[in-house]
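Peer 1: One structure is given below, represented as structure tokens, and several questions about it will come after.
Protein chains: 2
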Amino acid sequence: MRKYKGYLIDLDGTMYRGSEKIEEAGNFIRELIRLEIPFLFVTNNSTRTPEQVAGKLQSFDIPALPEQIFTSSIATANYIYELDKDARIFYIGEEGLQVALNEKGFRFAKEDADIVVIGLDTKVTYEKLAIACIAIRNGAKFLSTNGDLAIPTERGLVPGNGAFTQLIQFSTRVEPTIIGKPETIIMDQALKVLGTKREETVMVGDNYDTDILAGIRAGLDTLIVHTGVTTKEMIKHYEKQPTYSIDNLAEWPFL
Amino acid sequence: MRKYKGYLIDLDGTMYRGSEKIEEAGNFIRELIRLEIPFLFVTNNSTRTPEQVAGKLQSFDIPALPEQIFTSSIATANYIYELDKDARIFYIGEEGLQVALNEKGFRFAKEDADIVVIGLDTKVTYEKLAIACIAIRNGAKFLSTNGDLAIPTERGLVPGNGAFTQLIQFSTRVEPTIIGKPETIIMDQALKVLGTKREETVMVGDNYDTDILAGIRAGLDTLIVHTGVTTKEMIKHYEKQPTYSIDNLAEWPFL
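Sequences listed follow chains A and B, in order. Numbering-wise (this note's numbering), the first sequence opens with residue 1 and increments by one. Numbering-wise (this note's numbering), the second sequence opens with residue 1001 and increments by one.
Encoded structure:
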């Protein structure tokens, strides 16, 4: 294996499982810190702020700072800033998206917005969805923080942001630009923040269909860890294999 | 042309255009009444009660009784009643659906419902959509009153019930049974209420993709009237033509 100068690391299934600790995760991160290897946590979650996510990691004894949390909301804000920093935005989303967009100083609008962003919003209303559809039909660019179809909860699988994205796409017949994994925009934006080269960076995650696929598509080496969604058995059926496969993060031989 | 013993008649674009009167519509209906030919108004709208719809038609000087209004909500309730009159239902929808389900005496449930029905609900919440998704993943049958992708309003096109249906379908990966036009369930249910034979009944409407297609699929003769969505020019591109085509309802020679 190669020595990597940068790590992009998934959260759920990799650093913890829902509200459950993954024992090896804390030491993995402490080893990166000891070796002075830069890393970012890359999450499709758009609802929380970096401070909230770092707090959750700390509660699992994982040393994480807010500036090491790269959410799909931050990726979206950075992407829009490159596209058009004067864009007037209409967004559907929670605090994570709101804070990320505000930090970039964007202006906001409704039916006459230049860009519509949809992120998960458990307070979504018909009126918000109607404004989004009208703005997109009026010509606004259509962005979605992530295409996740469902979210696991104790009650069962509830609709993810991808389902609301699909609603707007179906109604407007306009294809969204999706920011989150397995799409590459979040990876490209994370690399810019991390500052390492593509060939020196590895993507670490538990979910082939999001983490590993995003890494492969972005031209990164990938490390799958079987503590979450994708099992060893499932991996066999994919044409493109991850660069590395381990059962848990303690197995990773840092070089 | 044949002499028809029963008429199924669309509303928007056929009897009126949004909030605008269609001049020939009132006389068309008065002629059906004079000739004692039974008819039903068949609408994908699930939000209003028959009384509300009849009131709107009367405001355009069209003689209509509540029992002549056949909404997708009534079709849904009748369909479920045939399927399983003891079914426990979870529904998302407005007054039209609520009243139609209550009139059949159904019981209601949440995550453990036997049947989930989605109709347009401008007060929809994330919680309602979450319950629908969980119930469907738990095995509930998934019904949708109609697949309309958008609804015209003065502000522009806003999401229709088909868009919310798509959200649930995408998130659960379960295909819905759609009741409304151009699907045939609403036509079959309307024929049962009207009481005429398929070959003696004609479907009248302005929209090829909903009204005429529903009629063709249900094995009825069809009459397209170019006072709404589908123009003469557009009709040429369809493989299956309507049985009759007229510019306005005054041209129809009742036999």
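By construction, the Cβ of each residue, glycine as well, lies at the ideal position given by its N, Cα and C atoms.
So, helix, strand or coil for B:Lys1128, using DSSP?
Peer 2: Locating residue 1128 of chain B in the second sequence gives position 128, counting from the first residue. Note: B:Lys1128 maps to helix in three-state DSSP.
Peer 1: Should the stretch 63-70 of chain A be regarded as contacting the stretch 39-55 of chain A, the criterion being three or more beta carbon pairs within less than 8 angstroms?
Peer 2: yes
Peer 1: Can you tell me where the beta strand (DSSP E) with B:Tyr1244 in it begins and where it stops?
Peer 2: Residue numbering aside, residue 1244 of chain B sits at position 244 when the second sequence is read from its first letter. Run containing B:Tyr1244: Tyr1244 to Ile1246, per the beta strand (DSSP E) assignment.
Peer 1: If I'm right that A:Asp112 touches A:Lys141 with Cβ under 8 angstroms, what's the distance once you round it to whole angstroms?
Peer 2: Here residue 112 of chain A is taken as the residue at index 112 of the first sequence, counted from 1. Here residue 141 of chain A is taken as the residue at index 141 of the first sequence, counted from 1. Contact flag wrong, Cβ pair sits at about 13 angstroms.
Peer 1: Taking the alpha carbon of A:Val116 as the reference point, which residue from A:Gly96, A:Tyr126, A:Asn138 and A:Thr122 has its own alpha carbon closest?
Peer 2: Taking the first residue of the first sequence as position 1, residue 116 of chain A is located at position 116. With distances taken between Cα atoms, A:Val116 lies closest to A:Asn138.
Peer 1: For A:Ile29, count the other beta carbons within 10 Å of its own beta carbon; 16 or more makes it buried, fewer makes it exposed. Which is it?
Peer 2: If you number the first sequence from 1, residue 29 of chain A lands on position 29. By the 10 Å Cβ count, A:Ile29 comes out buried.
Peer 1: Going by the beta-carbon positions, is the gap between B:Leu1220 and B:Arg1198 smaller than 8 angstroms?
Peer 2: For the purposes of this step, residue 1220 of chain B is taken as the residue at position 220 of the second sequence. For the purposes of this step, residue 1198 of chain B is taken as the residue at position 198 of the second sequence. Contact: yes.
Peer 1: Which one or two residues does DSSP pair with B:Asp1012 in a beta bridge?
Peer 2: By 1-based counting over the second sequence, the position of residue 1012 of chain B is 12. B:Asp1012 pairs with B:Tyr1016.
Peer 1: In the structure shown, what three-state DSSP assignment does B:Val1042 receive?
Peer 2: In the second sequence, the residue the question calls residue 1042 of chain B occupies position 42. Three-state DSSP puts B:Val1042 in a strand.
Peer 1: Do you know offhand how far B:Arg1173's Cα is from A:Ser245's?
Peer 2: Residue 1173 of chain B sits at position 173 when you count from the first residue of the second sequence. Residue 245 of chain A sits at position 245 when you count from the first residue of the first sequence. Cα to Cα, B:Arg1173 sits roughly 29 angstroms from A:Ser245.
Peer 1: Does the stretch 1047-1060 of chain B touch the stretch 1077-1092 of chain B, meaning 3 or more C-beta pairs lie closer than 8 angstroms?
Peer 2: no
Peer 1: Within the same chain, show all residues whose beta-carbon is closer than 7 angstroms to that of B:Val986, passing over the 5 residues directly before and after it, in chain order.
Peer 2: Residue 986 of chain B lies beyond the range of chain B shown here (1001 to 1255); nothing can be said about it.
Peer 1: Anything in chain A within Cβ reach of B:Thr1122, meaning under 7 angstroms, just list it in chain order.
Peer 2: In the second sequence, counting from the first residue as 1, residue 1122 of chain B sits at position 122. Under the 7 angstroms cutoff, chain A gives Tyr126.
Peer 1: Answer with buried or exposed for A:Gly258, where buried requires no fewer than 16 other C-beta atoms within 10 angstroms of its C-beta.
Peer 2: This structure gives no information on residue 258 of chain A, because the portion of chain A shown stretches from 1 to 255.
Peer 1: List in chain order: all unbroken beta strand (DSSP E) runs of 3+ residues lying wholly within the stretch 64-133 of chain A.
Peer 2: Counting only runs that start and end inside the stretch 64-133 of chain A, the beta strand (DSSP E) elements of at least 3 residues fall at 69-71, 88-92 and 115-118.
Peer 1: So which residues on chain A does B:Ala1109 lean against when the C-beta distance must stay under 9 angstroms?
Peer 2: Taking the second sequence and counting its residues from 1, the one referred to as residue 1109 of chain B is at position 109. Those do not exist, as B:Ala1109 stays about 14 angstroms from chain A at its closest Cβ, beyond 9 angstroms.
Peer 1: Could you list the residues in the stretch 1160-1191 of chain B with a C-beta less than 9 angstroms from some C-beta on chain A, going in chain order?
Peer 2: Listed by position along the chain: Gly1160, Gly1162, Ala1163, Phe1164, Thr1165, Gln1166, Leu1167, Ile1168, Gln1169, Phe1170, Ser1171, Thr1172 and Arg1173.
Peer 1: Starting from B:Leu1157, follow its DSSP beta bridges and name the residues at the other end.
Peer 2: Reading the second sequence from its first residue, position 157 is the one you call residue 1157 of chain B. For B:Leu1157, which the question treats as bridged, DSSP gives the partners B:Pro1152.
Peer 1: Can you name the residues of chain C whose CB is closer than 8 angstroms to the CB of B:Leu1149?
Peer 2: Absence of chain C from the displayed structure is noted, the protein chains being A and B.
Peer 1: Applying a beta-carbon distance threshold of less than 8 angstroms, which residues of chain B neighbour A:Ile134?
Peer 2: In the first sequence, the residue the question calls residue 134 of chain A occupies position 134. Those within 8 angstroms of A:Ile134 in chain B are Arg1155, Gly1156, Leu1157 and Val1158.
Peer 1: Should the stretch 1154-1166 of chain B be called in touch with the stretch 122-138 of chain A, which here means at least 3 C-beta pairs below 8 angstroms?
Peer 2: yes
Peer 1: Here's the rule: buried if 16 or more other CB atoms are within 10 angstroms of the residue's CB, otherwise exposed. What is A:Lys181?
Peer 2: Stepping through the first sequence from its first residue, residue 181 of chain A is reached at position 181. The residue in question, A:Lys181, is buried, as its Cβ has 16 or more Cβ neighbours within 10 Å.
Peer 1: Check whether the Cβ of B:Arg1137 lies closer than 8 angstroms to any Cβ atom in chain A.
Peer 2: One-based indexing of the second sequence puts residue 1137 of chain B at position 137. Yes, its Cβ sits closer than 8 angstroms to a Cβ of chain A.
Peer 1: Is B:Ile1179 closer than 8 angstroms to B:Leu1143 when the C-beta atoms are compared?
Peer 2: On the second sequence, position 143 is the one that residue 1143 of chain B refers to. On the second sequence, position 179 is the one that residue 1179 of chain B refers to. Annotated as proximal: B:Leu1143 and B:Ile1179, with beta-carbon spacing under 8 angstroms.
Peer 1: Report the residue from A:Arg2, A:Leu213, A:Lys236 and A:Glu24 whose alpha carbon sits nearest the alpha carbon of A:Thr227.
Peer 2: The sequence position of residue 227 of chain A within the first sequence is 227, counting from 1. Checking every option, the nearest Cα to that of A:Thr227 belongs to A:Glu24.
Peer 1: Measure from the alpha carbon of B:Glu1036 to the alpha carbon of each residue in B:Lys1005, B:Gln1098, B:Ala1109 and B:Met1187, then state which is nearest.
Peer 2: Numbered from 1 along the second sequence, position 36 holds the residue referred to as residue 1036 of chain B. Nearest of B:Lys1005, B:Gln1098, B:Ala1109 and B:Met1187 to B:Glu1036, Cα basis: B:Lys1005.
Peer 1: Return the first residue and the last residue of the alpha helix (DSSP H) that B:Lys1192 is part of.
Peer 2: The sequence position of residue 1192 of chain B within the second sequence is 192, counting from 1. Annotation for B:Lys1192: the continuous alpha helix (DSSP H) segment containing it runs Ile1185 to Leu1194.
Peer 1: Starting from A:Gly215 and walking both ways along the alpha helix (DSSP H), at which residues does that stretch end?
Peer 2: Within the first sequence, the letter at position 215 stands for residue 215 of chain A. That run of the alpha helix (DSSP H) goes Leu213 to Arg217.
Peer 1: Which residues in the same chain have their Cβ closer than 6 angstroms to the Cβ of B:Ile1033, if we skip the five residues on either side of it in sequence?
Peer 2: Position 33 of the second sequence holds residue 1033 of chain B. Excluding its 5 nearest sequence neighbours in each direction, B:Ile1033 has no C-beta neighbour in its own chain below 6 angstroms.
Peer 1: Kindly list, in the order they appear in chain A, the residues whose Cβ is closer than 7 angstroms to that of B:Ala1130.
Peer 2: Numbered from its first residue, the second sequence carries residue 1130 of chain B at position 130. Here the neighbours are Val158 and Pro159.
Peer 1: Please classify A:Met203 as buried or exposed, where buried requires at least 16 other C-beta atoms within 10 Å of its C-beta.
Peer 2: Translated into the one-based positions of the first sequence, residue 203 of chain A becomes position 203. Buried, since its Cβ has 16 or more Cβ neighbours within 10 Å.
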